[in-house]
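Read through the structure below, which is laid out as structure tokens, and then see the notes.
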Amino acid sequence: MKQGKILLLSSVITLAACDLAPDYHVPETPPPSVYKENLSDWAPAKPAETVERGTWWKIFHDPQLDALEDQVTTANQNLKAALAQYQQARGLAAQVRSAYFPTITGNAGASRQRISNNLANDASVTRYNDFTFGADLTYEIDIWGRVRNLVAANEDQAQASAADLAGVALDLHAELASDYFSLRGDDAAQAVLDKTVIEDQKGYDLTKRRFQGGVSPEADLDQAKTQLENAKTQASDMRLQRAQLEHAIAVLTGQAPADFNLAPAPFAAQIPALNPGMPSTLLERRPDIAAAEKRVAAANADIGVARAAWFPTISLTGSAGFEAAHTSNLFEAPSQFWSLGPSAVVTLFDAGAIASLNDQARAAYDQSAASYRETVLEAWQDVENNLAAMHHLADEKVTQDSATKAAQRAFVQANNLYIGGATTYLDVVVAQNTQLQAQLNQSNVQARQLVAAVQLARALGGGWSVENIQALDAKAEAKKD
Numbered sequence: 002m003k004q005g006k007i008l009l010l011s012s013v014i015t016l017a018a019c020d021l022a023p024d025y026h027v028p029e030t031p032p033p034s035v036y037k038e039n040l041s042d043w044a045p046a047k048p049a050e051t052v053e054r055g056t057w058w059k060i061f062h063d064p065q066l067d068a069l070e071d072q073v074t075t076a077n078q079n080l081k082a083a084l085a086q087y088q089q090a091r092g093l094a095a096q097v098r099s100a101y102f103p104t105i106t107g108n109a110g111a112s113r114q115r116i117s118n119n120l121a122n123d124a125s126v127t128r129y130n131d132f133t134f135g136a137d138l139t140y141e142i143d144i145w146g147r148v149r150n151l152v153a154a155n156e157d158q159a160q161a162s163a164a165d166l167a168g169v170a171l172d173l174h175a176e177l178a179s180d181y182f183s184l185r186g187d188d189a190a191q192a193v194l195d196k197t198v199i200e201d202q203k204g205y206d207l208t209k210r211r212f213q214g215g216v217s218p219e220a221d222l223d224q225a226k227t228q229l230e231n232a233k234t235q236a237s238d239m240r241l242q243r244a245q246l247e248h249a250i251a252v253l254t255g256q257a258p259a260d261f262n263l264a265p266a267p268f269a270a271q272i273p274a275l276n277p278g279m280p281s282t283l284l285e286r287r288p289d290i291a292a293a294e295k296r297v298a299a300a301n302a303d304i305g306v307a308r309a310a311w312f313p314t315i316s317l318t319g320s321a322g323f324e325a326a327h328t329s330n331l332f333e334a335p336s337q338f339w340s341l342g343p344s345a346v347v348t349l350f351d352a353g354a355i356a357s358l359n360d361q362a363r364a365a366y367d368q369s370a371a372s373y374r375e376t377v378l379e380a381w382q383d384v385e386n387n388l389a390a391m392h393h394l395a396d397e398k399v400t401q402d403s404a405t406k407a408a409q410r411a412f413v414q415a416n417n418l419y420i421g422g423a424t425t426y427l428d429v430v431v432a433q434n435t436q437l438q439a440q441l442n443q444s445n446v447q448a449r450q451l452v453a454a455v456q457l458a459r460a461l462g463g464g465w466s467v468e469n470i471q472a473l474d475a476k477a478e479a480k481k482d
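Just so we're on the same page, this note's numbering is the position in the sequence shown counted from 1, plus 1.
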């Protein structure tokens, strides 16, 4: 008899440990051995290890940018929405986790009842009171792992939401930095255009005096006027472009554009030292990859939930309390009642509903696995694109600096020749336009270098790592307690 009880207990424990979900493995995505665009002749060997990993933008050493990034962290509305979405996912996971424990409900009632006089068996009492006070218990015995897999799926979804939150934060901080450096590029271009307007005004005044003195033809005066007005037009258009960037930065920092002002300033940032490392490390450094992987894990657990639908749902139900016709003896021992016992429910015919549910779960897993692999491929592409941008923009800066110096010398020579009467103003216009375009290109390349560095930092995951998921979950759990 004793051996029978032990065997029965062992069977129950074995059944309770049953898990119908497939063994989970991260979908294979063999990484390349190295980044094709990571050329050692331009990329520094070591990253800026002194900078805190979370605040990756500090690698640019721009105090104004640091202050704006802090405002994004505290005031951006999209980031607050992503945080709320993560909190919803955690709440749902906690709600599902409660299925590990029995549900107990209390009840109380009072009624006046009358029994029909025409019953098959006559009742001696046809009118009576019925007072009840008790509790009911329901508990699903998780033999097939349905509850465990449901909890696992929701916890994986919550961790995916945590990674989504990190991804939103990374994108918003990168967007601010990109807008900020683009704006500083516009400041540099605006300084060039404003100086050009001043020089064109001097050139127009000189040509006007020469025309009035009969030295220059009217065509030179018209060209000088055209050059001046074109420069003014470009300067106004640059102010429009800068204003729109300033408005975008205001919204990113949680402020109304009308209340935000960012004074013009020259470039203060430095091109940072960024080491992309090995492609395989990217799987641990990108929040979007972590989110996609957690959704694969959740889909895998959902397969276990779907498979459990083939088997009986076994529940333990019970009730206990007091029932009496008078309140005076409601809580006396003879008024007690109770019941306790298991029940099982199994689907005998559903026209293929459970089979379809399992097909759906498997297809959802395949979809999430494919999405994960695509996310990884796009991440490697993202890094390669920005490594290429950093590399080629570094080369472009060298040639553009040289072109700008040559254009400046050509303009000075053309202007001197015109003043000496050796050439027409058309030659000055051509030389000045060439110089202006070279100077604008120079400021544009500098801004694009910084933006490319921002995008490379974002592509590499910023200061993020997979460990941030567990840290964020632990912080949220501690705050809840």
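We put the beta carbon where it would ideally sit given N, CA and C, even for glycine.
6 Å Cβ shell around R147 - same chain, five flanking residues per side excluded: Correct list, in chain order: V306 and A309.
Beta-carbon proximity of V97 to H174, cut-off 7 Å: With contacts defined by Cβ atoms closer than 7 Å, V97 and H174 do not form a contacting pair.
Local conformation of S34 per DSSP, three classes: Here S34 sits in coil by DSSP.
Endpoints, beta strand (DSSP E) assigned at W339: It spans Q337 to V346 - the beta strand (DSSP E) in which W339 sits, taken as one unbroken run.
Boundaries (first-last residue) of the beta strand (DSSP E) holding Y140: Following the DSSP letters along the chain, one finds Y140 inside the beta strand (DSSP E) bounded by residues R128 to E141.
Length of the line joining the Cα atoms of L194 and A244: For L194 and A244, the distance between alpha carbons rounds to 16 Å.
Three-state secondary structure assigned by DSSP to S162: Reduced to three states, the DSSP call for S162 is helix.
Simplified DSSP state of R287, which is helix, strand or coil: Note: R287 maps to coil in three-state DSSP.
According to DSSP, residues forming a beta bridge with G107: For G107, which the question treats as bridged, DSSP gives the partners A136.
Residue range of the beta strand (DSSP E) that includes T75: Run containing T75: none in the beta strand (DSSP E); it sits in the alpha helix (DSSP H), P64 to A76.
Terminal residues of the alpha helix (DSSP H) in which E375 lies: It spans A354 to I420 - the alpha helix (DSSP H) in which E375 sits, taken as one unbroken run.
K109 to D20 span [Cα, whole Å]: In the sequence under discussion, the amino acid at residue 109 is Ala, which differs from the Lys named in the question. Cα to Cα, the separation comes out at about 39 Å.
DSSP three-state assignment for G463, whether helix, strand or coil: Reduced to three states, the DSSP call for G463 is coil.
Coil, strand or helix - T254 by DSSP: Correct three-state label for T254: coil.
C-alpha distance - A321 paired with F132, whole-angstrom precision: Between the alpha carbons of A321 and F132 lies a gap of roughly 14 Å.
Span separating the alpha-carbon of G462 from that of Q450: Answer to the nearest angstrom: the Cα atoms are 19 Å apart.
Alpha carbon of G255 to alpha carbon of A76, nearest angstrom: Their Cα atoms are separated by approximately 5 Å.
Terminal residues of the beta strand (DSSP E) in which I315 lies: First-last of the beta strand (DSSP E) with I315: T314 to A325.
Neighbourhood of D428 by C-beta distance below 6 Å, restricted to the same chain and skipping five residues each side: Excluding five sequence positions before and after D428, the CB atoms of its chain that fall closer than 6 Å to its own CB belong to A415, given in chain order.
Minimum C-alpha distance to F412 - residue among A390, N386 and Q440: For the options A390, N386 and Q440, the alpha carbon positioned closest to that of F412 is the one of Q440.
Check whether L437 and T282 have beta carbons under 7 Å apart: Cβ atoms of L437 and T282: not closer than 7 Å.
Integer Cβ distance of A232 from D63, believed to fall under 8 Å: Not really, about 30 Å apart at Cβ, beyond 8 Å.
Backbone CA spacing between K295 and A161 [nearest angstrom]: Roughly 5 Å between the two C-alpha positions.
Minimum C-alpha distance to W145 - residue among A370, V126, A22 and M279: Checking every option, the nearest Cα to that of W145 belongs to A22.
Helix, strand or coil at S217 according to DSSP, with G and I counted as helix: In the structure shown, S217 falls within a coil segment according to DSSP collapsed to helix, strand and coil.
With 16 other Cβ atoms within 10 Å as the buried cut-off, status of G204: Within a 10 Å sphere around the beta-carbon of G204 sit 16 or more other beta-carbons, which makes this residue buried.
Helix, strand or coil at Q114 according to DSSP, with G and I counted as helix: Of the three classes helix, strand and coil, the one that applies to Q114 here is strand, per DSSP.
Candidates A407, Q443, A380 and R410, of which the one nearest G168 by Cα: Here the closest residue by C-alpha is A380.
Cα-Cα separation between T400 and Q447, rounded to whole angstroms: For the pair T400 and Q447, the Cα-to-Cα distance works out to about 12 Å.
Best match in A153, G464 and M279 for proximity to E38 [C-alpha to C-alpha]: Comparing Cα positions, the closest option is M279.
Buried or exposed by the 16-neighbour rule on C-beta atoms within 10 Å, applied to N155: So N155 counts as buried.
Cβ-based burial, I116 [other Cβ within 10 Å; buried from 16]: When all chains shown are included, I116 counts as exposed.
Proximity of A460 and V384 at Cβ, strictly below 7 Å: Yes, Cβ-Cβ distance for A460 and V384 is below 7 Å.
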